[in-house]
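Under the UniProt record's numbering, think of the first position of the sequence shown as 1, with each following residue one higher.
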Amino acid sequence: MSSNPPRNVSKALSLNFGEAYPVTPDRPYRFYSNLPYTARYLTENDDASGGARNFPAEIQAVRNDIADATRNLTEAQFSLTEATRKLNDAQRESQRVDTTIENLADRREAIVPALQELRVEVDVEMLSNLEAEIKEKREKIEELKEAYSDLSEKLTMTEEQLRNMKASIQELEGRISGVSREQRELERRRQEQRDAVQDKKRKVTGYDHRIADYESKTSGKRKEAERLREKIATQESQLAESFAERNIEKPDLADLSPRDDLEDAARFLKDELRKYEELLGGPPVTTEQLEEKHAKIGDLKGKVDHYDTLVTTIRQLFLSRYKQLQHIVAYTTVKLQLSFVRQLNLRRYGGTLQVDFNKRTLDVHVQTHKHYEEASQKKSQDLRGLSGGERSYATACFVIALWECIECPFRLLDEFDVFMDMINRRIVMNSLVHVATDRFSTFQFFFFTPQGIQEIEEKEKVLIIKMPKVKR
């Protein structure tokens, strides 16, 4: 086909369905290979286990899992960084080789018409050198494609390790969530016990004050009663002496005291007794009741100490969970960056994605085909320097990358292709259909677009609903 094609042949097919076109007056020899690419899909295995809760064993298991996950995450991040670097080098080398081949093809297209028109002899050696150079470049392209395939396999293995680590992290997060719920319940119980202890302490303090007042008043009354007894004894002795001197018998007071006076004295004593009870706040408190209250206070103090120890342990678990959260944040950031770069590579774009959780900022830089020379000089460009279609394509890549990092069952995009050109729209539409039907087949996706859907290649996998036209 390249030097002496059969007559009236316009195209030939190889065993791999590659296409070969013969030399024509306005076209050189062309061959398009049909290299297959094996489709891959990602799966996630969730393993949940239950059983009796053993806090010391769970804490040790969580610490061991955290250490293993941290070590695996460090190794995976290093492997991903190395694989990404090699992949970018291979892509840049492939781009340079493609540019060289295109230049050689343009040179050959310019030479062939001149040869056909002039019908003169050309330098066969120069033509052979050009063909040998083209062959060498194609062999180099094949080597780069093989290297790219190897790097893709390594990247797939690394992503599998990251998924396993994600499953472990989710399991640890579930454990920590259970411990946190128990911690809140224990805090609530501890606060109730503290309130009860404070209430008992206030009551005991009130009882102590009342007992002290009662004892002080009782002591005063006893002294007064003792003084009155002494006074009565003195008066009785004086009266007896007086009766003895006068030879008069001692009168019987029971017969001499009137009934009204005795009733008045009884009422007076009852009033005094009622006043003392009001001062004490009720009936007197016995020693047995006071000892019982002190015993209850001792029990409550023991419970408070127990809950203090338990809260300290839970606080340590909370700090461990916070450290694990930092690992989850780092893992999610790396996964988002790798997914964004992988989506850009579908169009041979390059780019970076920087996430700053402290400043709450997201910095996106994209290099298109026109910016590879600037990218080689370590010059970056944000989204403001891109065209509308390129900016929309980069936004779609970022949305797909976010989908790989979240677990919500419903996803929706509205008028995402308004500012896209036809090439970017076809690539984005097929990418979204592939993501929705193959990679996330268990989720529900909704795509709204005011444009046509002729670009979708796998229409049988999606449900298409067309809105009726608006009648004006």
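Backbone N, C-alpha and C fix where the C-beta goes; we use that ideal spot for every residue, glycine too.
Through-space distance from V197 to Q183, alpha-carbon basis: In the sequence shown, counting from the first residue as 1, residue 183 sits at position 183. In the sequence shown, counting from the first residue as 1, residue 197 sits at position 197. Per the coordinates, the alpha-carbon of Q183 lies some 21 Å from the alpha-carbon of V197.
Residue nearest to L151 in terms of C-alpha spacing, selected from K135, E136, L87 and Y214: What you label residue 151 is simply residue 151 of the sequence shown in a count that begins at 1. Taking only the C-alpha atoms, the option nearest L151 is L87.
Length at least 3, wholly inside the stretch 391-438: the beta strand (DSSP E) runs in chain order: The stretch 391-438 contains these whole beta strand (DSSP E) runs: 410-414.
Coarse secondary structure for F357, derived from DSSP in three states: Here residue 357 is taken as the residue at index 357 of the sequence shown, counted from 1. Three-state DSSP puts F357 in coil, outside helix and strand.
V97 vs K135 beta-carbon contact at 8 Å: The residue labelled residue 97 in the question sits at position 97 within the sequence shown. The residue labelled residue 135 in the question sits at position 135 within the sequence shown. No; because the gap between Cβ atoms is not below 8 Å, this pair is not in contact.
Between the CA atoms of S216 and K301 - distance to the nearest angstrom: Locating residue 301 in the sequence shown gives position 301, counting from the first residue. Locating residue 216 in the sequence shown gives position 216, counting from the first residue. So the alpha carbons of these two residues sit roughly 31 Å apart.
Residue from Y349, I406, E404 and D414 with nearest C-alpha to R391: What you label residue 391 is simply residue 391 of the sequence shown in a count that begins at 1. Closest by alpha carbon: Y349.
Assigned exposure category for R175 - 16 Cβ within 10 Å defines buried: Here the question's residue 175 lines up with position 175 in the sequence shown. R175 should be labelled buried.
First and last residue of the uninterrupted beta strand (DSSP E) at E19: In the sequence shown, the residue the question calls residue 19 occupies position 19. E19 to Y21 is the extent of the beta strand (DSSP E) around E19.
Euclidean distance between Cα positions of D47 and N64: Here residue 47 refers to the residue found at position 47 when the sequence shown is read from its first residue. Here residue 64 refers to the residue found at position 64 when the sequence shown is read from its first residue. At D47 the pLDDT is 42, less than 50, meaning the model places this residue with poor confidence; the figure from the coordinates comes in the next sentence. Going from the Cα of D47 to the Cα of N64 covers about 18 Å.
R411 burial status per 10 Å Cβ neighbour count (16 or more: buried): By one-based count along the sequence shown, residue 411 stands at place 411. Around the CB of R411, 16 or more other CB atoms lie within 10 Å, so the residue is classed as buried.
Contact under 8 Å by Cβ, S177 with A69: Locating residue 177 in the sequence shown gives position 177, counting from the first residue. Locating residue 69 in the sequence shown gives position 69, counting from the first residue. Their beta carbons are not under 8 Å apart, which means S177 does not touch A69 by this criterion.
CB of A147 within 8 Å of CB of A83, strictly: The count along the sequence shown starts at 1 and reaches residue 147 at position 147. The count along the sequence shown starts at 1 and reaches residue 83 at position 83. Taking 8 Å as the cut-off, the beta carbon of A147 is found no closer than this to the beta carbon of A83.
Beta-carbon contacts of K11 that lie in its chain and below 8 Å, excluding the five residues immediately before and after: Translated into the one-based positions of the sequence shown, residue 11 becomes position 11. Non-local beta-carbon contacts of K11 in its own chain, meaning distances under 8 Å to residues more than five positions away in sequence, involve E19, A20 and Y21 in chain order.
Neighbour-count burial assignment, Y331, 16 or more Cβ in a 10 Å radius: Walking along the sequence shown from the start, residue 331 turns up at place 331. Answer is buried; the Cβ neighbour count reaches 16.
Coil, strand or helix - Y322 by DSSP: Along the sequence shown, read from residue 1 onward, the residue named residue 322 stands at position 322. It is helical.
Euclidean distance between Cα positions of P5 and V462: Walking along the sequence shown from the start, residue 5 turns up at place 5. Walking along the sequence shown from the start, residue 462 turns up at place 462. Near 45 Å, if we compare the C-alpha coordinates of V462 and P5.
Stretch-stretch touch, CB-based, cutoff 8 Å, three pairs: the stretch 440-450 with the stretch 414-425: Segments in contact, yes.
Residue(s) in a DSSP beta bridge with T333: Walking along the sequence shown from the start, residue 333 turns up at place 333. Bridge partners of T333: none, in fact.
Reference H365, options R189, D26 and A394, closest by Cα: Stepping through the sequence shown from its first residue, residue 365 is reached at position 365. Each of R189, D26 and A394 was checked against the Cα of H365, and the nearest Cα belongs to A394.
Proximity to E173 [Cα-Cα], best of T81, A61 and F268: Here the question's residue 173 lines up with position 173 in the sequence shown. The shortest C-alpha separation from E173 is found at A61.
Assigned exposure category for N129 - 16 Cβ within 10 Å defines buried: If you number the sequence shown from 1, residue 129 lands on position 129. By the neighbour-count criterion, in which 16 or more other beta carbons inside 10 Å mark a residue as buried, N129 falls on the exposed side.
CB-CB length for L338 against V355, believed under 8 Å: Numbered from its first residue, the sequence shown carries residue 338 at position 338. Numbered from its first residue, the sequence shown carries residue 355 at position 355. Not a contact, Cβ separation roughly 13 Å.
Those residues which DSSP pairs with F31 across a bridge: Here residue 31 corresponds to residue number 31 of the sequence shown, with the count starting at 1. For F31, which the question treats as bridged, DSSP gives the partners A20.
Closest residue to E404 among E192, E159 and R7 (Cα-Cα distance): Along the sequence shown, read from residue 1 onward, the residue named residue 404 stands at position 404. The option with the nearest alpha carbon to E404 is E159.
Three-way DSSP call (helix, strand, coil) for V462 in this model: Counted from its first residue, the sequence shown places residue 462 at position 462. The answer is coil: DSSP assigns V462 none of H, G, I, E or B.
C-alpha gap between L353 and D438, whole angstroms: On the sequence shown, residue 353 is found 353 positions in, with the first residue counted as 1. On the sequence shown, residue 438 is found 438 positions in, with the first residue counted as 1. Answer to the nearest angstrom: the Cα atoms are 25 Å apart.
8 Å contact criterion, which residue 532 and S431 should meet: CB distance rounded: This structure cannot speak to residue 532, because the chain is shown only from 1 to 472.
Where the beta strand (DSSP E) through Q444 begins and ends: Translated into the one-based positions of the sequence shown, residue 444 becomes position 444. Q444 to F448 is the span of the beta strand (DSSP E), which, as asked, contains Q444.
Span separating the alpha-carbon of R181 from that of D199: To locate residue 181, count along the sequence shown from 1; it is residue 181. To locate residue 199, count along the sequence shown from 1; it is residue 199. Between the alpha carbons of R181 and D199 lies a gap of roughly 27 Å.
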